[in-house]
Structures are given as C-alpha cells and as structure tokens.
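The opening position of the sequence shown corresponds to residue 1 in the UniProt record's numbering, with each subsequent residue numbered one higher.
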Amino acid sequence: MVKIVIDQYGQNQTQLTGYCMDLISLLQANLGFIPNIQLAPSGVTYDELMEMIPNVYDIVVADTTVTPARREVVDFSQGFFSNGISILMLTNPAVQIDLLAFLKPFSTSLCLLILGAILCSSIIICLIERQDKEELKEQSIISLCAMSVWYSYGNVIGYGAGIDLQTGPARILTVGLYMLSIVLVASHTANLASDLTIQNSQSPISGLDDIKAGKIPFNRLGIQVGTAYEDFYSTEISNNQTNFYPLYSKQQLYDSLLNGTIDAAFIGSGTAQYITSNVYCNISVVGESFDQGIFAIATPKQWIYQRSLDIAILTLSVSGDLNNLETKWFQSQLCPTSSTSTSTAMNIQSLAGLFLVFCSYYYSIITVICIEKMSYY
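#1: Please state the DSSP three-state secondary structure of I304.
#2: Beta-carbon within less than 7 Å of S289's beta-carbon, same chain only, minus the 5 sequence neighbours each way: which residues are those?
#3: List the residues that DSSP assigns as beta-bridge partners of T65.
#4: Flag this pair as yes or no: are the beta carbons of L334 and N278 separated by less than 8 Å?
#5: Would you mind stating whether D263 and I216 have Cβ atoms separated by less than 8 Å?
#6: With a floor of 4 residues, list each alpha helix (DSSP H) that falls wholly inside the segment 137-198, ordered by position along the chain.
#7: Which term fits M50, buried or exposed, when burial requires 16 or more other beta carbons within 10 angstroms of its beta carbon?
#8: On the DSSP bridge assignment, give the partners of D75 in chain order.
#9: Near I125, which residues of its chain fall below 8 Å by C-beta distance, leaving aside the five closest residues on each side in sequence?
#10: Check whether the Cβ atoms of I157 and V185 lie closer than 8 Å to each other.
#11: Going by beta carbon distance, what residues of the same chain come within less than 7 Å of D178, once the five residues before and after it are set aside?
#12: Leaving out the 5 sequence neighbours to the left and right, which residues in its chain are closer than 6 Å to F266 when beta-carbon positions are compared?
#13: Determine the burial state of Q273: buried for a count of at least 16 other Cβ atoms within 10 Å of its Cβ, exposed for fewer.
#14: Here's the rule I'm using: 16 or more other beta-carbon atoms within 10 Å means buried, otherwise exposed. How should S82 be labelled?
#15: In whole angstroms, give me the CA-to-CA distance for S332 and T271.
#16: DSSP beta-bridge partners for G116?
#17: If you run the structure through DSSP and keep just helix, strand and coil, what is L221?
#18: Classify Y280 as helix, strand or coil using the three-state DSSP reduction.
#19: Does T14 pass the burial test, meaning 16 or more other C-beta atoms within 10 Å, or should it be called exposed?
#20: Should Y254 and Y280 be called a contact, given that it needs their Cβ atoms to be closer than 8 Å?
#21: What are the residues that DSSP puts in a beta bridge with N83?
#22: Just curious, the alpha helix (DSSP H) that I211 is in, first and last residue?
#23: By Cβ distance, which residues of its chain are closer than 8 Å to T67, with the 5 residues on each side in sequence left out?
#24: Going by beta-carbon coordinates alone, are L192 and A117 separated by less than 8 Å?
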C-alpha cells in the first residue's frame with residue numbers, strides 16, 4: 001500500500017506498507033543488506049516486471065506467482081506464500097425476479113396438506129350446517145360448497161369469512177381453523193422473510209464451474225493483464241481466446257466491480273481475503289479458490305545470492321515469522337462478518353404436531369355429532 005506522509009521538514013514522502021515490505025525488513029535483518037526499494041510504475045504488468053530483471057531491477061518482491069513461462073525468463077526463490085485464484089463479486093448484485101417466490105416457504109407436500117385440511121373442513125361445515133339451518137337446505141349444493149370453502153379458506157389465512165355458524169361442531173372446527181391460521185401465517189411470514197434475506201445475499205454463481213458454464217458473459221469477467229490469472233483463463237477456460245474484460249491494475253479491478261463495468265473478477269486468494277475483510281466490505285469472495293500456486297521472489301538467472309536468499313526464507317518459515325506475517329495482513333477483520341445459508345422450504349415434518357392437534361378437532365366434532373344423533377334417537 002502506498003501512503004503520502006509529511007516528514008519533519010514539511011515535505012511529502014511516499015510511504016510503502018504491506019506484507020512485502022515487512023518481508024523485506026525480515027530478510028534485511030537476516031541477511032544484513034541495505035535495500036534500495038523502488039515502486040514499480042503504474043500500469044506495468046507482472047510479466048513485464050520479469051523482463052526488467054536484471055537490467056532495471058535486481059530482484060522483484062511482490063505477489064508474483066511462479067509459472068513455467070516466467071521460469072524461462074528469471075529464477076525464483078523459495079516460496080514464501082501459498083496462493084490460489086479467487087472470484088470476486090459484489091455482495092449484493094442484481095437479483096433475478098422470481099414470480100413464485102411467495103410459494104417457496106412451504107413445500108409442495110405441505111401445501112397439499114393445507115389444501116386437504118381446507119377441503120375436509122369445508123365438507124364437514126357443509127354437512128353439519130345444512131342439516132340444522134332451513135335456509136341452507138334451499139341453497140344449491142354448489143353454492144353451499146363454495147360458501148364452506150370460502151369460510152374455511154378465510155379462517156386459515158387469518159382473514160375470516162363473515163359467516164355465522166350455528167352448530168356446536170362447526171364452531172369447534174372454527175377454533176381449530178383459527179389455531180391453524182395463527183401458526184401457518186406466522187411460519188409463512190418468518191420463512192418468507194428468511195428466504196428473501198438469503199436471496200439478497202446470494203451470488204448468481206457458486207464458483208469456477210459456473211464461470212466455465214458461461215453463467216456470466218466472458219466479456220463481463222475482469223482479469224488483470226499479464227498475470228498468472230490470465231494464463232489460467234486462457235488455458236483452462238477460453239482455449240487461448242482473449243475474450244475477457246482486460247484490467248491493468250488492482251484498483252481498476254475494484255472500481256470496475258463497484259461501478260458495474262464487470263460482474264466478476266479473478267484475483268489472488270490472499271489479496272481477495274484482505275480486500276474483502278478490511279477495505280471493500282461490499283465485495284465478497286465467491287466459491288473456493290483454485291489453481292493453487294506459490295508467491296516467490298523473482299531473481300536473475302544464476303544469481304550469486306540465490307542460495308542465501310532461499311536459506312533466509314526457509315529460516316523465516318521455520319521460525320514462524322512468515323505465519324505471523326500472514327496472520328497480521330490476511331487474518332484481520334474490519335468489515336462485519338456475514339453468514340449465508342441455504343433456503344429450505346418447510347415440510348410436513350416441521351408442522352406435524354400442528355396437524356395432529358387439528359385432527360383431534362375432527363375427532364371431537366365427530367364425537368359431538370354422534371352424541372347429538374344418539375340423543376335425538
């Protein structure tokens with residue numbers, strides 16, 4: 001990271017901070033050299049940096065992935081950081097409209113069970129009320145059934161039907177419908193709210209396989225030119241076609257995601273972890289990292305200090321200093337953590353007890369009807 005600070009003389013000075021700067025300090029303490037640190041010019045690709053060794057730079061300390069093509073140009077030190085490729089996307093991209101989302105809180109089997117409860121209640125109400133009310137006997141069966149279905153449905157959804165029932169069994173059944181209504185409406189509301197929350201936090205893709213399947217247009221996938229990520233894309237996805245959206249710096253990558261120029265981007269897993277945890281809280285990593293590799297220091301071919309550098313890096317690894325650097329820079333968390341889960345429709349097992357209680361109302365109604373018939377005779 002680059003910061004502009006004012007020194008004691010009032011002059012602007014460029015201050016470099018980050019994992020690589022701390023690594024240079026540790027190597028300096030171990031090897032005793034005096035570094036002349038130069039920041040690479042903006043817009044220079046990683047492959048171009050390799051071409052500058054040794055004419056412009058003696059070594060390059062950066063998040064440089066070791067690749068076969070680069071080994072033909074330069075040598076590399078012992079690896080100091082394990083790295084892969086991650087996919088970055090906005091945390092809340094545009095969500096596709098689902099016209100049937102309101103039906104998803106309940107499973108199909110549960111919806112059929114609710115429908116069956118409404119129809120059974122309607123039949124019972126129709127039979128009971130028609131026997132005891134003379135005005136209902138004059139109505140057609142279709143009209144009476146429609147009234148009974150409307151009454152049962154209205155009570156189940158918590159609306160009420162405005163029909164006055166006269167018989168005791170029908171009123172007992174109404175109590176059961178009210179109880180069913182309270183639990184179903186509350187469960188549907190809570191589950192629907194949970195589903196919508198999860199839907200807003202989910203990404204349209206789940207990982208690399210969806211990228212390969214073309215779920216995101218390739219010209220909406222941003223990749224920094226001259227990186228190992230471009231090599232991976234060319235060999236594993238596009239068959240050497242340059243059909244991605246070219247990027248020339250990490251900052252351009254972040255800006256392109258934020259302003260909607262691209263939908264997703266490839267970046268190193270270490271950088272992705274730091275950026276999404278500490279800088280851009282509205283950008284997140286999608287899926288697992290892939291194409292695992294290592295970062296190493298690029299050196300000239302047959303460099304005389306190669307062995308000393310390798311031993312120093314190995315010493316830092318054994319002593320735990322490299323792990324401490326990784327913890328310092330990649331395990332910090334300034335952004336609030338968020339968790340996502342998978343939406344699951346409620347099934348019959350979730351509300352089995354409720355429907356068992358409701359069935360007991362049916363049993364009570366049948367018992368009351370039988371008692372009334374026995375008293376009548």
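The beta carbon of each residue, even a glycine, is placed where N, CA and C say it ideally should be.
Bear in mind the structure is a predicted one, so any value in this text is a computation, not a measurement.
Once the coordinates are examined:
#1: Here I304 sits in coil by DSSP.
#2: The residues are G84, I85, S86, S269.
#3: The partner list for T65 (beta bridge, DSSP) reads F295.
#4: Taking 8 Å as the Cβ cut-off, L334 and N278 qualify as a contacting pair.
#5: Contact flag set, yes.
#6: Listed in chain order, they are 141-156.
#7: Under this definition M50 is a buried residue.
#8: For D75, DSSP records a beta bridge to T299.
#9: These residues qualify, in order along the chain: S148, Y151, S152, L165, A170, L173.
#10: Closer than 8 Å, so yes.
#11: Rather than Asp, the amino acid found at residue 178 in this sequence is Tyr. The residues N155, in chain order, have a CB closer than 7 Å to that of Y178 in the same chain once the five nearest residues on each side in sequence are set aside.
#12: Answer for F266: I85, I223, Y229, listed in chain order.
#13: Classification of Q273: buried, given that the 10 Å Cβ count is 16 or more.
#14: Looking at its Cβ environment, which holds fewer than 16 other Cβ atoms inside 10 Å, S82 is exposed.
#15: Cα to Cα, S332 sits roughly 12 Å from T271.
#16: Beta-bridge annotation (DSSP): G116 is not paired with any residue.
#17: The three-state reading of DSSP puts L221 in strand, counting E and B together.
#18: Correct three-state label for Y280: coil.
#19: Its Cβ having fewer than 16 others within 10 Å, T14 is exposed.
#20: Against a cut-off of 8 Å, the Cβ pair of Y280 and Y254 comes out as a contact.
#21: DSSP lists G293 as partners of N83.
#22: From DSSP, the alpha helix (DSSP H) with I211 extends over 208-212.
#23: Counting only Cβ-Cβ distances below 8 Å, and skipping sequence neighbours, we find A228, D231, G293.
#24: Result no, Cβ atoms of L192 and A117 do not sit closer than 8 Å.
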